[in-house]
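**Q** Residue numbers (my numbering), protein chains in the order written: chain A, 412 to 610; chain B, 412 to 610.
Here a beta-carbon is modelled for each residue, glycine too, at the ideal position from N, C-alpha and C.
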């Protein structure tokens with residue numbers, strides 16, 4: 412690689428570290444940065460810097476925020492008696508985009524994954540308990556991912572908050588809107604039959 | 412998107428502008444930048460800035476360089492009588508990595524593409540002519556891409572330098588090492604038969 416300028420080699424290496432970006436993609440991205448006008452390239456650099464310097468976690472719900480308290484926690488129009496528990500800020504965003512939920516959130520910042528050494532103490536479960544203990548919340552909706560680890564995390568949390576006598580629900584499971592029964596896998600169909608609803 | 416911090420939204424938009432990065436990938440990259448340690452995130456930002464601030468084109472061959480003249484043009488061990496013409500710095504890199512060429516290069520910084528409004532005057536063809544006219548070069552190897560536009564660009568250049576009476580060659584075409592004849596397409600096989608060599 413002696414034929415490439417040092418800063419080009421550096422940038423290729425930096426891009427390669429990003430998830431889903433291999434060596435060839437990193438080279439393509441680097442040539443793109445070299446080709447676009449300088450303003451656009453520096454905007455990307457500044458945005459990365461800004462995100463790391465301005466963004467922190469909301470002190471109540473652990474959503475990403477540029478202020479101590481995020482815009483959802485501060486919104487007086489939202490229902491503060493319902494709490495939706497998600498793994499990551501991006502899950503919160505996906506639920507917000509569905510436009511059907513108007514309560515509060517609590518972001519765990521991960522899920523319990525013993526194989527990766529992530530235990531309950533690495534998540535914001537204690538803060539969730541403290542929040543629920545204050546008494547304003549009537550319902551907790553478990554919206555962890557429908558995976559073994561996500562389900563395990565939800566089960567762990569429901570065991571912990573059980574003594575507070577609060578209604579605990581989880582997201583509905585079944586066939587997905589727009590899908591075709593013939594091509595739906597057996598786990599999904601099993602969920603759909605088990606949780607069947609009155610017509 | 413009111414639920415996301417402004418600088419997060421900004422970075423997602425900046426990442427989306429990169430080639431091959433869609434909305435979802437941009438979100439994933441942004442969350443990655445938020446998750447890694449601050450040093451690593453800022454290194455990426457600084458590398459992007461450094462590339463745009465330090466890297467320029469070599470004044471002889473138009474390869475990317477941090478100095479006026481690139482390391483290849485300055486290397487006295489390289490054969491200065493052979494000139495390999497490529498479209499982009501990344502083509503130069505690919506040829507260098509093959510380890511079989513030790514002459515000089517000339518980077519066109521594109522190819523003639525009338526549909527995109529790129530004509531000969533947008534490339535470094537004039538500088539190539541001036542360089543060849545100085546008289547030290549005996550052979551020009553056309554290493555533009557084997558596409559309609561690449562071939563057209565090579566043809567255009569060969570017409571222009573024709574009056575200087577220099578040997579002009581192009582990269583060999585044929586079946587690729589490791590390929591399987593049965594699955595090789597007809598254009599490649601036609602090239603391979605036309606340019607067949609003595610055994």
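On a Cα-Cα basis, can you pick out the residue from 504(A), 441(A), 498(A) that is closest to residue 416(B)?
**A** Within the second chain, numbered from 1, the residue matching residue 416(B) stands at position 5. The shortest C-alpha separation from residue 416(B) is found at 504(A).
**Q** Note down, in chain order, every chain B residue with its Cβ under 9 Å from the Cβ of residue 445(A).
**A** In the first chain, counting from the first residue as 1, residue 445(A) sits at position 34. Ordered by position in chain B, the residues that pass the 9 Å Cβ test against residue 445(A) are 462, 463, 466, 475, 500.
**Q** Verify the CB distance criterion: does residue 576(A) have a CB-CB separation below 8 Å to chain B?
**A** Your numbering for residue 576(A) matches position 165 in the first chain. Not one chain B Cβ lies under 8 Å of residue 576(A).
**Q** Check this for me: beta carbons of residue 442(B) and residue 501(A), under 8 Å apart or not?
**A** Translated into positions along the second chain, residue 442(B) becomes position 31. Translated into positions along the first chain, residue 501(A) becomes position 90. Yes, these two residues count as a Cβ contact at 8 Å.
**Q** With distances taken Cα to Cα, identify the nearest neighbour of residue 527(B) among 560(B), 436(B), 483(B).
**A** For the purposes of this step, residue 527(B) is taken as residue 116 along the second chain, with counting starting at 1. Of the candidates 560(B), 436(B), 483(B), the one whose C-alpha sits nearest the C-alpha of residue 527(B) is 560(B).
**Q** Using a C-beta to C-beta distance shorter than 9 Å, which residues of chain A count as neighbours of residue 518(B)?
**A** On the second chain, residue 518(B) is found 107 positions in, with the first residue counted as 1. The contacting residues do not exist; residue 518(B) stays about 11 Å from chain A at best.
**Q** For the region 473-488 of chain B against the region 477-484 of chain A, are there 3 or more C-beta pairs whose distance is under 8 Å?
**A** Touching, no, given that fewer than three Cβ pairs across the two stretches are closer than 8 Å.
**Q** Leaving out the 5 sequence neighbours to the left and right, which residues in its chain are closer than 6 Å to residue 432(B) when beta-carbon positions are compared?
**A** Taking the first residue of the second chain as 1, we reach residue 432(B) at position 21. Excluding residues within five positions, the ones whose Cβ falls inside 6 Å are 426.
**Q** Going by the beta-carbon positions, is the gap between residue 536(B) and residue 571(B) smaller than 8 Å?
**A** Numbered from 1 along the second chain, position 125 holds the residue referred to as residue 536(B). Numbered from 1 along the second chain, position 160 holds the residue referred to as residue 571(B). Cβ atoms of residue 536(B) and residue 571(B): closer than 8 Å.
**Q** Of all Cβ atoms in chain B, is any one closer than 8 Å to the Cβ of residue 515(A)?
**A** Your numbering for residue 515(A) matches position 104 in the first chain. Chain B contact via Cβ: absent.
**Q** Hey, how far is the Cα of residue 461(B) from the Cα of residue 428(A)?
**A** Reading the second chain from its first residue, position 50 is the one you call residue 461(B). Reading the first chain from its first residue, position 17 is the one you call residue 428(A). If I take the Cα positions, the gap works out to 17 Å.
**Q** Just the C-alpha distance for residue 548(B) and residue 565(B), rounded to the nearest angstrom, thanks.
**A** Here the question's residue 548(B) lines up with position 137 in the second chain. Here the question's residue 565(B) lines up with position 154 in the second chain. Taking the straight line from one Cα to the other gives about 17 Å.
**Q** Taking residue 598(B) as part of the beta strand (DSSP E), name the residues at either end of that continuous run.
**A** As a working note, residue 598(B) is residue 187 in the second chain. Element bounds for residue 598(B): not the beta strand (DSSP E) but the alpha helix (DSSP H), 597-605.
**Q** Within the same chain, show all residues whose beta-carbon is closer than 7 Å to that of residue 469(A), passing over the 5 residues directly before and after it, in chain order.
**A** To locate residue 469(A), count along the first chain from 1; it is residue 58. Excluding sequence neighbours, residue 469(A) sits near 476, 480, 481, 484.
**Q** Can you list the residues of chain A that residue 429(B) reaches, using a CB-CB cut of under 7 Å?
**A** On the second chain, residue 429(B) is found 18 positions in, with the first residue counted as 1. Within chain A, the residues near residue 429(B) are 440, 443.
**Q** For residue 592(B), tell me which candidate among 521(B), 604(B), 510(B) has the shortest Cα-Cα distance.
**A** Position 181 of the second chain, counting from 1, holds the residue named residue 592(B). Ranking the options by Cα distance to residue 592(B), first place goes to 604(B).
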